[in-house]
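What follows is a short report on a single structure.
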Amino acid sequence: MRREGYMVLAGHIDERNQLWVTITVGGATQKQTIQALIDTGFTGELSLPLHVAIPLGLQLTAATKVTFANGKESEEMLFTGTLDWGTTASRPVTINVFNSDTPLVGGGLLQGYVLLVDFDKKRLIIKEPGIDEPSVPPEVKKKSKK
Amino acid sequence: MILNWIRCAGDEWCDFFRLNLNHPHFDNLEGVYIIWHGAPNSAVVYVGQGNIRERISIHRNEPAITQYRSNGLYVTWAPVASGYRDGIERYLAERWNPLIGREYPQFTPIQVNSPWP
Numbered sequence: 001m002r003r004e005g006y007m008v009l010a011g012h013i014d015e016r017n018q019l020w021v022t023i024t025v026g027g028a029t030q031k032q033t034i035q036a037l038i039d040t041g042f043t044g045e046l047s048l049p050l051h052v053a054i055p056l057g058l059q060l061t062a063a064t065k066v067t068f069a070n071g072k073e074s075e076e077m078l079f080t081g082t083l084d085w086g087t088t089a090s091r092p093v094t095i096n097v098f099n100s101d102t103p104l105v106g107g108g109l110l111q112g113y114v115l116l117v118d119f120d121k122k123r124l125i126i127k128e129p130g131i132d133e134p135s136v137p138p139e140v141k142k143k144s145k146k
Numbered sequence: 147m148i149l150n151w152i153r154c155a156g157d158e159w160c161d162f163f164r165l166n167l168n169h170p171h172f173d174n175l176e177g178v179y180i181i182w183h184g185a186p187n188s189a190v191v192y193v194g195q196g197n198i199r200e201r202i203s204i205h206r207n208e209p210a211i212t213q214y215r216s217n218g219l220y221v222t223w224a225p226v227a228s229g230y231r232d233g234i235e236r237y238l239a240e241r242w243n244p245l246i247g248r249e250y251p252q253f254t255p256i257q258v259n260s261p262w263p
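For the protein sequence lines, the chains are P and Y, in the order given.
Numbered per the numbering used here, the first sequence spans residues 1 to 146.
Numbered per the numbering used here, the second sequence spans residues 147 to 263.
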């Protein structure tokens, strides 16, 4: 579900130049707001550690073969939950659950988003899918009126 | 001359393809504009002038410009009165050496601030 308009979202860049965003993920029993690492090498939508996923009450939807960066393949369970992020509310999201420490946002979730990364200033700006509205200073607005 | 280079929501540079050209800001708006592409090897792609809405609409269908889409294409513009545009366009073209060259008007360059330091 998408509310009216779109937003520019802020993330943050840590000292190791890793990109992080804050998202809220939910299942049948609860919602949790978490910090997730953007991993563009992960083609899925969202990956959650076991300790985050279990209390949410996620729905098991499928099993799929996963290929890891080292080439190793594994059969993994896929779950469905909901995602709240910016103007996106209760969007169904496919979740891989791993025995890891870090939630990951993958490329599948970022389709249509624009990420602007300034490593020098440690700024991460995320534009939601949609149109880009000009931000017009007041004096220019005045001059451009006929 | 100091120009107001316009940005988009979040004080970020406007995405060339996603920019809302139907925004009332563009009604009768004329000036100069710069199109550039992002990393790797960011570079100015085109410097132009005229009716901003019309010009950007045309450029969105020009393969010479859209070939840089995968790098990310951005645009900024500044309202400028017609009498100054030729000189400013020439100055910006000489300053940034756009990838898509063309014959810029033989007017005395008018120095302006650039969108970037």
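Positions of the beta carbon are idealized from the N, C-alpha and C atoms, including for glycine.
A quick note: this is a predicted structure, and the numbers were derived from the prediction, not measured.
Go ahead and label residue i buried or exposed: buried means 16 or more other beta carbons lie within 10 angstroms of its beta carbon, across all protein chains shown.
i, result
"Y/E240", "exposed"
"Y/F172", "buried"
"P/R3", "Below a pLDDT of 50, predicted positions are generally treated as unreliable, and P/R3, at 46, falls in that range; the measurement from the model is reported next regardless. With fewer than 16 Cβ atoms within 10 Å of its Cβ, P/R3 is classed as exposed."
"P/E75", "exposed"
"Y/I181", "buried"
"Y/R248", "exposed"
"P/G27", "buried"
"P/T22", "exposed"
"P/K127", "buried"
"P/E73", "exposed"
"Y/D157", "exposed"
"Y/A185", "exposed"
"Y/L149", "buried"
"P/G86", "buried"
Check the DSSP bridge columns for residue i and list the partner residues they point to.
i, result
"P/W85", "P/T88"
"P/L124", "P/G11 and P/V117"
"P/T80", "P/Q59 and P/T94"
"P/L46", "P/I95 and P/V105"
"Y/E158", "Y/C154"
Cβ of residue i within 8 Å of Cβ of residue j?
i, j, result
"P/T80", "P/Q59", "yes"
"Y/F163", "Y/R201", "no"
"P/T40", "P/D84", "no"
"P/A62", "P/L78", "yes"
"Y/P255", "Y/G233", "yes"
"P/P49", "P/D101", "yes"
The region 105-115 of chain P touching the region 200-213 of chain Y, judged by at least three CB pairs closer than 8 Å: Between the region 105-115 of chain P and the region 200-213 of chain Y there are fewer than three inter-stretch CB-CB distances shorter than 8 Å, so the stretches are not counted as touching.
Members of the region 52-85 of chain P near chain Y, C-beta cut-off 8 Å: Legend: CB atoms of the region 52-85 of chain P lying less than 8 Å from CB atoms of chain Y are not found in any residue.
Within 7 Å of chain P by C-beta, residues of the region 156-169 of chain Y in sequence order: Hits within the stretch, in order: G156, D157, E158, C160, D161, R164, L165, N166 and H169.
The region 214-228 of chain Y touching the region 161-179 of chain Y, judged by at least three CB pairs closer than 8 Å: Flag = yes, the region 214-228 of chain Y and the region 161-179 of chain Y touch.
Near-chain P residues of the region 202-234 of chain Y (beta-carbon distance less than 9 Å), N- to C-terminal order: Here the close residues are G218, W223, A224 and P225.
Stretch-stretch touch, CB-based, cutoff 8 Å, three pairs: the region 7-19 of chain P with the region 35-49 of chain P: By the Cβ rule, the region 7-19 of chain P counts as touching the region 35-49 of chain P, because three or more pairs are nearer than 8 Å.
Interface residues of the region 102-118 of chain P facing chain Y [CB-CB below 8 Å]: Close to chain Y, meaning a Cβ-Cβ distance shorter than 8 Å, are the following residues of the region 102-118 of chain P: V114 and L116.
Residues in the region 121-138 of chain P having any Cβ partner in chain Y nearer than 8 Å: From the region 121-138 of chain P, only I125, K127, G130, I131, D132, E133, P134, S135, V136 and P137 have a Cβ closer than 8 Å to chain Y.
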